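Going line by line, the protein sequences match chains A and B. Quick note, the first sequence lines up with residues 21 to 439 if you use this note's numbering. Quick note, the second sequence lines up with residues 21 to 439 if you use this note's numbering. Don't be surprised by glycine CBs; every beta carbon is placed ideally from N, CA and C. These numbers were taken from a predicted model, which means no experiment stands behind them. Note sheet for the following structure.
There are 2 protein chains.
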Amino acid sequence: MSSGTAAIISIGNELILGQVVDTNTAWLAGRLSELGIVTTLHLTVGDDEQDIRRAVVQAAEKAPIVIVSGGLGPTLDDVTRQGVAKALGVELREDPVCLEHVKAFFAKRGRTMPDMNRVQALVPAGAQPIANTCGTAPGIRAQLGRATIYVVPGVPLEMQEMFVRSIKPELLAQAGGRALVARKLLCFGAGESDIANQIADLMKRGRNPLVGTTPHEMIIGVRVVATGASPAEAQDLLDQDLAEIRRRLGDLVYGQEDETLADVVGHMLIAAKRTVAVAESCTGGWLAKSLTDISGSSAYFLRGYVTYSNQAKSELLGVPARMIDQFGAVSEETARAMAMGCKARAAADYAVGITGIAGPTGGTAEKPVGLVYIALAGPNGTEARKLLFGEHLLRWQIRDRATKVALNMLRLALLQRQG
Amino acid sequence: MSSGTAAIISIGNELILGQVVDTNTAWLAGRLSELGIVTTLHLTVGDDEQDIRRAVVQAAEKAPIVIVSGGLGPTLDDVTRQGVAKALGVELREDPVCLEHVKAFFAKRGRTMPDMNRVQALVPAGAQPIANTCGTAPGIRAQLGRATIYVVPGVPLEMQEMFVRSIKPELLAQAGGRALVARKLLCFGAGESDIANQIADLMKRGRNPLVGTTPHEMIIGVRVVATGASPAEAQDLLDQDLAEIRRRLGDLVYGQEDETLADVVGHMLIAAKRTVAVAESCTGGWLAKSLTDISGSSAYFLRGYVTYSNQAKSELLGVPARMIDQFGAVSEETARAMAMGCKARAAADYAVGITGIAGPTGGTAEKPVGLVYIALAGPNGTEARKLLFGEHLLRWQIRDRATKVALNMLRLALLQRQG
Chain A
21 MSSGTAAIIS
31 IGNELILGQV
41 VDTNTAWLAG
51 RLSELGIVTT
61 LHLTVGDDEQ
71 DIRRAVVQAA
81 EKAPIVIVSG
91 GLGPTLDDVT
101 RQGVAKALGV
111 ELREDPVCLE
121 HVKAFFAKRG
131 RTMPDMNRVQ
141 ALVPAGAQPI
151 ANTCGTAPGI
161 RAQLGRATIY
171 VVPGVPLEMQ
181 EMFVRSIKPE
191 LLAQAGGRAL
201 VARKLLCFGA
211 GESDIANQIA
221 DLMKRGRNPL
231 VGTTPHEMII
241 GVRVVATGAS
251 PAEAQDLLDQ
261 DLAEIRRRLG
271 DLVYGQEDET
281 LADVVGHMLI
291 AAKRTVAVAE
301 SCTGGWLAKS
311 LTDISGSSAY
321 FLRGYVTYSN
331 QAKSELLGVP
341 ARMIDQFGAV
351 SEETARAMAM
361 GCKARAAADY
371 AVGITGIAGP
381 TGGTAEKPVG
391 LVYIALAGPN
401 GTEARKLLFG
411 EHLLRWQIRD
421 RATKVALNML
431 RLALLQRQG
Chain B
21 MSSGTAAIIS
31 IGNELILGQV
41 VDTNTAWLAG
51 RLSELGIVTT
61 LHLTVGDDEQ
71 DIRRAVVQAA
81 EKAPIVIVSG
91 GLGPTLDDVT
101 RQGVAKALGV
111 ELREDPVCLE
121 HVKAFFAKRG
131 RTMPDMNRVQ
141 ALVPAGAQPI
151 ANTCGTAPGI
161 RAQLGRATIY
171 VVPGVPLEMQ
181 EMFVRSIKPE
191 LLAQAGGRAL
201 VARKLLCFGA
211 GESDIANQIA
221 DLMKRGRNPL
231 VGTTPHEMII
241 GVRVVATGAS
251 PAEAQDLLDQ
261 DLAEIRRRLG
271 DLVYGQEDET
281 LADVVGHMLI
291 AAKRTVAVAE
301 SCTGGWLAKS
311 LTDISGSSAY
321 FLRGYVTYSN
331 QAKSELLGVP
341 ARMIDQFGAV
351 SEETARAMAM
361 GCKARAAADY
371 AVGITGIAGP
381 TGGTAEKPVG
391 LVYIALAGPN
401 GTEARKLLFG
411 EHLLRWQIRD
421 RATKVALNML
431 RLALLQRQG
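See below:
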């Protein structure tokens, strides 16, 4: 039993039956490893009091930190409180502060607390409740032998908030041992093997920092994990590698950690005091949605047109009907006319036009599923790209990728402007 | 130890470090439950011989079927073979048939087998290799006490193929046990406790079928799992419960399994031969994106306006500027004018107008973050709803929920039309 280890227990019949993929464990293990804590055991059990009891006892023997997630809901099938109390060998008691919290949660929404939610105020005797700032179920903090048990809700958002706000500070205060720092750079515009080839020497096993790549829907993450005797030593090693990777990959690197292309483009538009409007056919609003995901996007996002029908393309963007007749709705000409019409009508600095065939139906030999044209109209004219995504891709993947390519074209145009 | 249970062991440092989400376990548990086999234990351990040994021994004590995935690669960190051999108390031996298979795999690709891949032909003495038809690593089948251990690769595709081709037929042949069928109904429009209250008697523990609820971003899933001596008996019990739940919950039930609100609305629009257009402010294109997620949506989706600026609202939808001045861009009046303007300009049967404050900035005491107005203009006039989502919600949650409420208004209007 080392002080730098943890065990995670996931609870839920839906996990045991395979109806839901457990993303909480990876999230928790990832956050723990950022603190230098290695998860050495992970158990999943169903909503069963005895199984939960056994899992908690076993985990507490194995690791000094045990995180239990799920089964804190108000319904009869949620028995994590009972199972944990059994493991601790104590009874459940109603915590008056928790009860007030649950009642207040409903009162704020103009509702009376349903009777069944009263169980959410139960806490094992001697254990401490952990406040839940975005849901009804409080967490639980308890001691079992030398292990500290943290029980958190299964709802990812509530679990994450509770971990970051209440558990992480406590773990940080206790952390000894070697320092570990990690960072992930995000790349767009090349495949994983292209990127890995350019940094192959840094990716050797056993090297410190450890460098690895992970692809996810066209975004290639480059993880760098450095260890050192002190946080400063680890940080130095990390910074050196990050600088070298950025130097080699150039403008393929668009951001880091959990930044999206839309985040980065949004910041660039604000910094450059420029505006954007979009005209979409096959992406159906996804590009507008991505750009407005960002708080403060009203500073740069003027409007979006989702011109699904040919009539809408002509009426709203001024794409000549005879152009659509001659070249087709899915053509470079139409994409350009959409972007230019959108730019003029919205009086925006930049405008994007996207037209394509997202499938799975609607493809022809000449214009297959996956064919997408994207045009970007800017201060210096209009550029267009023809993309041919594989026909094996799903509809949402083609739409997602087209959206990302459009955002990246906008990013590169804004970069060029700066350069 | 019952004959209808299984334990799953996932192996890999990347799982323990949270760098990768384990999707194999949910897949395996789902396939096993289709065979009437309940996964009662799931363990995840890192690439460590001793941890693997302990996990296998523990799992074999708990369940008659143990599936171990991951750690069969050719590199030094892959030690699942060694750990399993230790658990069995035997040595590893090179299997000549496996060696030929690994060599053939490379030969087929015009390459010579690298020396490091030779370890993939090692099998614990007395155990049987399982053929891998799409990768180099053979699986392993072994007996430990009363338990059968199946070791499969961690690569999802290879694992799935090996399970379906070699393991599933064996499990089916042995299944003397009970049949198990499951279904999930999806509800929208009430909270989890409201829904659970209406079916509380069906949710009692130990009852067959087992009924449970799971909330996910305002959608409440009601899982029903029935067991029976025969598949027909299990199906009968399931069908009875499904009918009863549908009767009690009425139009709160919008679909089942993985259907989205947009799927259901799309089917209804096609069946009713009706069209829709949308005008969005705070959701920024998300509603248009959701409606066009569906293949074939061009049959009913005409166009979308993302009118982020007041100017766009007036220019594109004809919302009077003085109305915006008087009532504000976020008001019932503006939402109604957006929906009606959109309906008229798109010549659609239904049109939605959404305006609100998605935050985190932009809220005032009078109009806080989370305030959203949604109007639906249809053949029989225009209805509007005022929503007040909690200020604790994130921007994307407010946008997601507003989108779902709009889709649900459309669904209920189409239902009424039928009724």
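Tell whether a beta-carbon distance below 8 Å holds between residue i and residue j.
i	j	result
Thr327 (chain B)	Ala299 (chain B)	yes
Ala355 (chain B)	Thr384 (chain B)	no
Val372 (chain A)	Leu430 (chain A)	yes
Ala49 (chain B)	Leu63 (chain B)	no
Tyr393 (chain B)	Ser351 (chain B)	yes
Gly348 (chain B)	Lys387 (chain B)	yes
Ala46 (chain B)	Asp97 (chain A)	no
Leu408 (chain A)	Arg365 (chain A)	no
Cys12 (chain B)	Pro158 (chain B)	Look at the range of chain B in this structure, 21 to 439, and you will see that residue 12 (chain B) is not part of it.
Leu262 (chain A)	Leu55 (chain A)	no
Ile160 (chain B)	Val139 (chain B)	no
Asn428 (chain B)	Phe183 (chain B)	no
Arg323 (chain B)	Ala297 (chain B)	yes
Can a CB atom of chain A be found closer than 8 Å to the CB of residue i?
i	result
Leu289 (chain B)	no
Met360 (chain B)	no
Gln255 (chain B)	no
Tyr393 (chain B)	no
Arg267 (chain B)	no
Ala368 (chain B)	no
Thr168 (chain B)	no
Pro380 (chain B)	yes
Gly159 (chain B)	no
Ala202 (chain B)	yes
Phe208 (chain B)	no
Arg73 (chain B)	no
Lys224 (chain B)	yes
With a threshold of 8 Å on Cβ separation, who are the neighbours of residue i within its own chain once the five nearest residues in sequence on each side are excluded?
i	result
Glu69 (chain B)	Val99, Gln102, Gly103 and Lys106
Thr60 (chain B)	Thr25, Ala26, Ala27, Lys82 and Ala83
Ile265 (chain B)	Leu205, Ile219, Leu222, Val231, Val242, Val244 and Val273
Nearer than 7 Å: is that true of the beta carbon of residue i relative to any heavy atom of the ligand SAH?
i	result
Ile394 (chain B)	Questions concerning the ligand SAH fall outside what the structure shown contains, since it holds no ligand whatsoever.
Just to confirm my understanding: we take residue i, look at its own chain, exclude 5 residues before and 5 after, and list those with CB closer than 6 Å. What are they?
i	result
Ala246 (chain A)	Val201, Pro229, Ala254, Leu257 and Leu258
Val88 (chain A)	Ile29 and Val171
Arg294 (chain A)	Asp369
Grab the span of the alpha helix (DSSP H) containing residue i for me, first residue to last.
i	result
Val121 (chain A)	It is His, not Val, that sits at residue 121 (chain A) in the sequence shown. It spans Pro116 to Lys128 - the alpha helix (DSSP H) in which His121 (chain A) sits, taken as one unbroken run.
Leu281 (chain A)	Leu281 to Ala292
Thr100 (chain A)	Thr100 to Leu108
Glu181 (chain B)	Pro176 to Met182
Ile219 (chain A)	Run containing Ile219 (chain A): none; DSSP gives neither H nor E here.
Ser318 (chain A)	Here Ser318 (chain A) belongs to no alpha helix (DSSP H), and DSSP marks it neither H nor E.
Gln260 (chain A)	Pro251 to Leu269
Leaving out the 5 sequence neighbours to the left and right, which residues in its chain are closer than 7 Å to residue i when beta-carbon positions are compared?
i	result
Val339 (chain B)	Lys333, Thr354, Ala357, Met358 and Gly361
Ile11 (chain B)	Nothing can be reported for residue 11 (chain B): it is not among the residues displayed for chain B, which extend from 21 to 439.
Glu279 (chain B)	Leu206
Val175 (chain B)	Gly155
Gln317 (chain A)	What sits at residue 317 (chain A) in the sequence shown is Ser, not Gln. Closer than 7 Å at the Cβ level, and outside the excluded window around Ser317 (chain A), lie Gly286 and Leu311.
Glu34 (chain B)	Val40
Ala319 (chain A)	Ile290
Val284 (chain A)	Tyr274, Gly275 and Arg431
Is there at least one Cβ from chain B nearer than 8 Å to residue i's Cβ?
i	result
Cys154 (chain A)	yes
Pro94 (chain A)	yes
Gly350 (chain A)	Position check: residue 350 (chain A) holds Val in this sequence, whereas Gly was assumed. No, no contact with chain B.
Ser250 (chain A)	no
Thr327 (chain A)	yes
Taking the beta strand (DSSP E) that residue i falls in, what are its first and last residues?
i	result
Gly90 (chain B)	Gly90 (chain B) -> no beta strand (DSSP E), and no H or E assigned at all.
Glu403 (chain B)	Gly401 to Leu408
Ile160 (chain B)	Gly159 to Leu164
Contact list for the region 117 to 142 of chain A against chain B, Cβ threshold 8 Å: Listed in sequence order: Lys128, Arg129, Pro134, Met136 and Asn137.
Contact list for the region 33 to 51 of chain A against chain B, Cβ threshold 8 Å: Asn33, Glu34, Leu35, Ile36, Leu37, Gly38, Gln39, Val40, Val41, Asp42, Thr43, Thr45, Ala46, Trp47, Leu48, Ala49, Gly50 and Arg51
Members of the region 303 to 323 of chain B that neighbour chain A once the beta carbon cut-off is set at 9 Å: Thr303, Gly304, Gly305, Trp306, Leu307, Ala308, Lys309, Ser310, Leu311, Thr312, Asp313, Ile314, Ser315, Gly316, Ser317, Ser318, Phe321, Leu322 and Arg323
Chain-ordered residues of the region 74 to 93 of chain A with a beta carbon less than 9 Å from chain B: Here the close residues are Ala75, Gln78 and Gly93.
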